[in-house]
Amino acid sequence: MTPYESLRPIARDLDESDIVAVVNRARNKPGLVPLWVGEGDLPTPQFIIDAASASLANGETFYTWQRGIPELRQALADYHERVHGIANNPERFYVTGSGMQAIQLALQATSGAGDEVVMITPCWPNIHAATQVSGAVPVHVELDFSENGWSLDVQKLFDAVTNKTRVLFINTPANPSGWTATHENLRDILAFARQHNIWIVADEVYTRFIFDADCAPSFYDVIEEDDRVIFVNTFSKNWAMTGWRSGWISAPPAIGQVLENLIQYSTSGVASFTQRAAVAALQQGEPFLAMQKQRARTNRDVMCDALRSTGKIKFARPQGALYLFFAVDGFSNSKELAIQITDEANVGLAPGTGFYTGGNEFLRLCYLRDPKQIELAAERLVGWVNQL
Numbered sequence: 007m008t009p010y011e012s013l014r015p016i017a018r019d020l021d022e023s024d025i026v027a028v029v030n031r032a033r034n035k036p037g038l039v040p041l042w043v044g045e046g047d048l049p050t051p052q053f054i055i056d057a058a059s060a061s062l063a064n065g066e067t068f069y070t071w072q073r074g075i076p077e078l079r080q081a082l083a084d085y086h087e088r089v090h091g092i093a094n095n096p097e098r099f100y101v102t103g104s105g106m107q108a109i110q111l112a113l114q115a116t117s118g119a120g121d122e123v124v125m126i127t128p129c130w131p132n133i134h135a136a137t138q139v140s141g142a143v144p145v146h147v148e149l150d151f152s153e154n155g156w157s158l159d160v161q162k163l164f165d166a167v168t169n170k171t172r173v174l175f176i177n178t179p180a181n182p183s184g185w186t187a188t189h190e191n192l193r194d195i196l197a198f199a200r201q202h203n204i205w206i207v208a209d210e211v212y213t214r215f216i217f218d219a220d221c222a223p224s225f226y227d228v229i230e231e232d233d234r235v236i237f238v239n240t241f242s243k244n245w246a247m248t249g250w251r252s253g254w255i256s257a258p259p260a261i262g263q264v265l266e267n268l269i270q271y272s273t274s275g276v277a278s279f280t281q282r283a284a285v286a287a288l289q290q291g292e293p294f295l296a297m298q299k300q301r302a303r304t305n306r307d308v309m310c311d312a313l314r315s316t317g318k319i320k321f322a323r324p325q326g327a328l329y330l331f332f333a334v335d336g337f338s339n340s341k342e343l344a345i346q347i348t349d350e351a352n353v354g355l356a357p358g359t360g361f362y363t364g365g366n367e368f369l370r371l372c373y374l375r376d377p378k379q380i381e382l383a384a385e386r387l388v389g390w391v392n393q394l
């Protein structure tokens, strides 16, 4: 048996990301406009950097609270009271080493070998893969697409549940489609989960990136304190902190010791100086977030209007998140198409084949970028499509 063959099958057989494959192929291509990764192009604001620098200067380089420093947990409670109107309770909050780790810990706490996790697709591939790593089985429920928008048939979601289902994983606003659940969707899903004693993992990373309100409809709007809902979130998107690897979990305090244990036995906590930066983001970051949202909305509209003018591209103008998910007439394999576009139009896009069922013909474009980049990318894409 070779070293490779002796690895755990779950780890050995994980899919290679089609997104990463396209990025790696064209990462260093001169002049390319890179819209393939889910982040903006602005660096972290200086007031956040200053908070981390002050923490380092003060010698905060030691082990710290596994659940998070008290100041950050209180800042998270204050933020959620302000944004979502929930009771100010810092015992709900647990600091993690990224939103990705928050997802991993939520799944480790709720599912394992032989269990099923029902998720809505197209979905961020890390959700599917994290489910596999936990030992559970991903079960896909496809959104319905029309040019009026992506929509969820909640009965299809419920029909996918079996006696092995332990979790409904709900990402809204959704990456990559921009689908955003309605309050009716959320109430129906919560009622079903209560009836069947199923956990909900609520990925609301993009809840502030909604373009007709301050905040998207949220499970916070419909839950009771002890409902089986674990929220996963990150500092990455709102405050341009993707490289800081800092996120959080919000969950019923009754499971707090379990979550603390999982943090202890994975990373033993997040660096204090990173947490000080996160406090600054929560307390001082609303003007920066408002600017980011306006930038994203303007760029979304510029790109949508340009691509619609070709008459050869289908999409639904996204309600939320940071992405336009679109398909080009006559192309069914988006990985091949993404490579062709990088070669011929010099625009980097993520292939829908990387987002599992329901997205194979689509491409994802992140529009949280410099408006000049968006305008250039739109010009190149329209020119390329029009010469087909």
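In this note's numbering, the protein residues as written are 7 to 394. Note that CB positions come from ideal geometry on N, CA and C, so glycine has one too.
Exercise for the section: Check whether the Cβ atoms of Phe279 and Leu62 lie closer than 7 Å to each other. Expected result: It is a contact, given that the beta carbons lie within the stated cut-off.
Practice task
Determine, using beta carbons only, whether Pro357 and Ser340 come nearer to each other than 7 Å.
Solution key: Taking a C-beta distance under 7 Å as the contact criterion, Pro357 and Ser340 qualify as a contact pair.
Exercise for the section: With a 10 Å radius around its C-beta and 16 neighbouring C-beta atoms as the bar for buried, classify His202 as buried or exposed. Expected result: Its Cβ having fewer than 16 others within 10 Å, His202 is exposed.
Handout entry: Three or more C-beta pairs below 8 Å linking the region 296-303 and the region 261-268
Key = Touching, no.
Problem - Assigned exposure category for Ser152 - 16 Cβ within 10 Å defines buried - result: Under this definition Ser152 is an exposed residue.
Practice task
Please list, in chain order, all residues of the same chain as Ala284 whose beta carbon is under 7 Å from its beta carbon, the five residues on each side excluded.
Solution key: The answer, listed in chain order, is Leu78, Phe241 and Ser252.
Practice task
Answer with buried or exposed for Ser140, where buried requires no fewer than 16 other C-beta atoms within 10 angstroms of its C-beta.
Solution key: Under this definition Ser140 is a buried residue.
Handout entry: Between the CA atoms of Arg88 and Ser274 - distance to the nearest angstrom
Key = Those two C-alpha atoms are separated by around 30 Å.
Handout entry: Assigned exposure category for Ser12 - 16 Cβ within 10 Å defines buried
Key = The residue is exposed, with fewer than 16 neighbouring Cβ atoms inside 10 Å.
Handout entry: Proximity winner among His90, Tyr10, Arg73 and Val388, relative to Asp227 (alpha-carbon distances)
Key = Nearest option by C-alpha distance: His90.
Exercise for the section: Provide the residue(s) that pair with Met125 in DSSP beta bridges, ordered along the chain. Expected result: DSSP, once it has assigned bridges, lists His146 and Phe175 as partnering Met125.
Handout entry: Whole runs of the beta strand (DSSP E) within the region 348-377, excluding any shorter than 3 residues
Key = Those beta strand (DSSP E) runs which fall completely within the region 348-377 and span 3+ residues are 368-372.
Problem - Spatial distance of Gly120 from Asn169 (CA atoms) - result: So the two alpha carbons sit approximately 11 Å from each other.
Exercise for the section: Could you check which residue in Cys129, Leu387, Trp254 and Met125 has the C-alpha nearest to that of Phe164? Expected result: Check the Cα spacing between Phe164 and each of Cys129, Leu387, Trp254 and Met125: the tightest is with Met125.
Problem - CB contact below 7 Å: Arg33 versus chain B - result: Of the protein chains in this structure there is only one, and it is not chain B.
Exercise for the section: Name the one or two DSSP bridge partners that Val101 has. Expected result: Paired residues: Trp254.
Practice task
State whether the region 341-361 contacts the region 314-328, with contact taken as three or more CB pairs (one from each stretch) at a distance under 8 Å.
Solution key: Contact between the region 341-361 and the region 314-328 is absent, because fewer than three Cβ pairs lie under 8 Å.
Problem - N- and C-terminal bounds of the beta strand (DSSP E) containing Gly155 - result: For Gly155, the uninterrupted beta strand (DSSP E) segment begins and ends at Gly155 to Ser157.
Exercise for the section: Identify, in the order they occur along the chain, each residue of the same chain with its Cβ nearer than 6 Å to the Cβ of Pro51, setting aside the five sequence neighbours on each side. Expected result: Correct list, in chain order: Phe294.
Problem - Start-to-end residues for the alpha helix (DSSP H) that takes in Phe198 - result: Where Phe198 is concerned, the enclosing alpha helix (DSSP H) stretches over His189 to His202.
Practice task
Give the secondary structure of Pro40 by DSSP, where H, G and I count as helix, E and B as strand, and everything else as coil.
Solution key: Pro40 falls in the strand class under three-state DSSP.
Problem - Beta-carbon proximity check, Ala246 vs Gly326, cutoff 7 Å - result: No, the pair does not count as a contact, with Cβ atoms beyond the cut-off.
Handout entry: Backbone CA spacing between Gln110 and Ser157 [nearest angstrom]
Key = Their backbone Cα atoms lie some 27 Å apart in a straight line.
Handout entry: Where the beta strand (DSSP E) through Ile229 begins and ends
Key = Segment: none, Ile229 is in no beta strand (DSSP E) and carries neither H nor E.
Handout entry: Exposure of His189, with buried meaning 16 or more beta-carbon neighbours within 10 Å
Key = The residue is exposed, with fewer than 16 neighbouring Cβ atoms inside 10 Å.
Handout entry: Unbroken beta strand (DSSP E) run spanning Phe321, endpoints
Key = Run containing Phe321: Ile319 to Phe321, per the beta strand (DSSP E) assignment.
Problem - Tyr128 versus Gly65: straight-line alpha-carbon distance, rounded - result: According to the sequence shown, residue 128 is Pro rather than Tyr. Near 45 Å, if we compare the C-alpha coordinates of Gly65 and Pro128.
Practice task
Quickly, what does DSSP pair Leu206 with across the bridge? List them, please.
Solution key: Residue identity check: residue 206 is Ile in the sequence provided, not Leu. Residue pairing by DSSP places Ile206 opposite Leu174 and Val235 in a beta bridge.
Exercise for the section: Can you have a look at Ala219 and say buried or exposed, based on whether 16 or more other CB atoms are within 10 angstroms of its CB? Expected result: With fewer than 16 Cβ atoms within 10 Å of its Cβ, Ala219 is classed as exposed.
Practice task
Out of Met7, Ala312, Pro76 and Gly360, state which residue places its alpha-carbon closest to the alpha-carbon of Ala135.
Solution key: Of Met7, Ala312, Pro76 and Gly360, the residue nearest in Cα terms is Gly360.
Practice task
Would you mind sorting Glu210 into buried or exposed? The rule is 16 or more other CB atoms within 10 Å of its CB.
Solution key: Result: buried.
Handout entry: Classification of Tyr10 by the beta-carbon crowding that lies within 10 angstroms, buried from 16 upward
Key = Looking at its Cβ environment, which holds fewer than 16 other Cβ atoms inside 10 Å, Tyr10 is exposed.
Handout entry: For Ala286, the first and last residue of its enclosing alpha helix (DSSP H)
Key = Segment Ser278 to Gln290, the alpha helix (DSSP H) holding Ala286.
Practice task
Going by CA-CA distance only, name the one from Glu385, Lys162, Asp335 and Phe337 that's closest to Glu148.
Solution key: If you compare the alpha carbons of Glu385, Lys162, Asp335 and Phe337 with that of Glu148, the shortest gap goes to Lys162.
Practice task
Thinking Val39 and Leu394 are a contact (beta carbons under 8 Å), I'd like their distance in whole angstroms, please.
Solution key: In this structure Val39 is not in contact with Leu394, their Cβ atoms being roughly 19 Å apart against a cut-off of 8 Å.
Practice task
Would you give the residue range spanned by the alpha helix (DSSP H) that Ile60 belongs to?
Solution key: According to the sequence provided, residue 60 is Ala. The question's Ile does not apply to it. DSSP places Ala60 in the uninterrupted alpha helix (DSSP H) bounded by Gln52 to Ala63.
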